[in-house]
Each structure stands twice: as structure tokens, then as C-alpha cells.
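Residue numbers (UniProt numbering): 1 to 217.
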């Protein structure tokens, strides 16, 4: 999933910036937590209004740069991009907070020893920080990848799965079949398949995590 990959990469980068005991880092961390505490319905509604092709503030600001109105939510491709970016905006701070906790738990002696030996920041990141924080990233990827399949509220309020079925996820499809077309049997079958799929995916990630822990030890 593109959104999960972006969230992990951006979240780790943001975590390294925020991994500081300075006051500005605490303030910035608090600001970045705002998308996390907002209700998904409120987020979807807010971005639907901001991305409106006619009255949205995004197109209004772009007009100052000489860019014409972009059909953010009515064009299939742009609708997918919009939903993806909103999802990344909403959940990257969550990934960053988890990564900050993981980074602060790293043994400082290893990094100090590497600095004394003349290691560059890039070498320290790839050879020391990333391997040590890998267990945390595995948990983050597991939780976000599983949760990505359950997105409903934001998509429902932003695009309702449209235009057409461009942004429709399985939960939105199940919702429509059950509450719009009243196909109870089909909806129940889809719901069971969805639950079983999520269970199998969770078991796969748990097995993967156990294998990673065994490799570490």
C-alpha cells in the first residue's frame, strides 16, 4: 500500500526531527498530533470542503500561482490521490509518535561510539539506528497495513467511494450492499470474508514479527 509506505517513511523522518527534549520539539509534536485526535468524519468533511473544485480553499490558493481549477474529487485519478494524501496527513503523526518512542529507547552508547570512530550521520542511520528501530517499524507496518483495509469514515465523507467506484474500499462496498441495496445475504458473506481476511493478515504479520524477533536474538 502506497499510503502505508509513505506514512512509515515520512513518520520516521519526522520522528528523527522531533526526537529532541527541546521545547520547540514538544510544541511541534503537539501540533502534529492534531490530525490524530480529530474524528475521521470531521477530517473527511473538512477536506471535502477544502478540495471542492469551485469553492475550495486549495484551488483558491493555487489560482494565485496561475494554476487552474483542479477537479480533486470528481476526477478518478485525482480523487485517489486526494484520499491517499489525506490518509497520509492524518496518520503520519501517529507513526512519528511511535517512532519517537522507539528512537528514544535506543542505547546512546552505540551512537556515541560510532561518532568517535568517525562514522557519518548517514552511516549511523543505516548501520545503527535503522537496524535497532526495525522491531518498532515492523509493529507500525503491521498495524497500519491491517488498518488500511478498514478505512471507511474518511472515504465515505470525502467521496462516498466515487467518482464511480474509484475510491471505493471493501467496507464502503459492504455498506452500500447492505444499507443501499438491502442485499442482506451478499452483505453477510462479504462481511465474513472481510473478517477472515483481516484475521489471516494479522496472523501473517504476527508470524513475521516473531521471526524477526528470533533473528534479532
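We put the CB at the ideal spot given by N, CA and C, even for glycine.
If you're wondering where the values come from, they're calculated on a predicted model, not measured in any experiment.
Backbone secondary structure at residue i - three-state DSSP
i: residue 99; result: helix
i: residue 72; result: coil
i: residue 82; result: helix
i: residue 225; result: Since the first and last residues shown for the chain are 1 and 217, residue 225 lies out of range.
i: residue 107; result: coil
i: residue 181; result: coil
i: residue 132; result: helix
i: residue 7; result: helix
i: residue 120; result: coil
i: residue 150; result: coil
i: residue 169; result: coil
i: residue 22; result: coil
i: residue 67; result: coil
i: residue 36; result: helix
i: residue 62; result: helix
i: residue 56; result: coil
i: residue 51; result: coil
Exposure label - residue i; buried when at least 16 CB within 10 Å
i: residue 122; result: exposed
i: residue 8; result: buried
i: residue 208; result: exposed
i: residue 93; result: buried
i: residue 18; result: buried
i: residue 67; result: exposed
i: residue 112; result: exposed
i: residue 48; result: buried
i: residue 169; result: buried
i: residue 34; result: exposed
i: residue 200; result: exposed
Residue closest to residue i, alpha-carbon to alpha-carbon, out of the options
i: residue 197; options: 171, 51, 64 and 33; result: 171
i: residue 161; options: 4, 80 and 186; result: 80
i: residue 2; options: 52, 50, 44 and 141; result: 141
i: residue 108; options: 54, 86 and 133; result: 133
i: residue 11; options: 103, 159, 53 and 181; result: 103
i: residue 73; options: 183, 210 and 86; result: 86
i: residue 44; options: 136, 201, 156 and 180; result: 156
i: residue 193; options: 181, 127, 174 and 211; result: 174
i: residue 165; options: 30, 75 and 125; result: 75
i: residue 114; options: 105, 97 and 124; result: 124
C-beta atoms of residue i and residue j nearer than 8 Å
i: residue 41; j: residue 153; result: yes
i: residue 95; j: residue 144; result: yes
i: residue 138; j: residue 15; result: no
i: residue 83; j: residue 146; result: no
i: residue 46; j: residue 57; result: no
i: residue 98; j: residue 136; result: yes
i: residue 148; j: residue 4; result: yes
Cut-off 7 Å between Cβ atoms - residues of its own chain near residue i, not counting five sequence neighbours on either side
i: residue 150; result: 171
i: residue 167; result: 79, 80, 83, 155, 159 and 161
i: residue 186; result: 177
6 Å CB neighbourhood of residue i in its chain, flanking five on each side removed
i: residue 6; result: 88
i: residue 62; result: none
is_contact[residue i, chain B] using C-beta, thresh 8 Å
i: residue 146; result: No chain B appears in this structure, which consists of one protein chain only.
Residue i CB to nearest heavy atom of the ligand HEM below 7 Å
i: residue 130; result: Ligands displayed in this structure: none; no statement on the ligand HEM is therefore possible.
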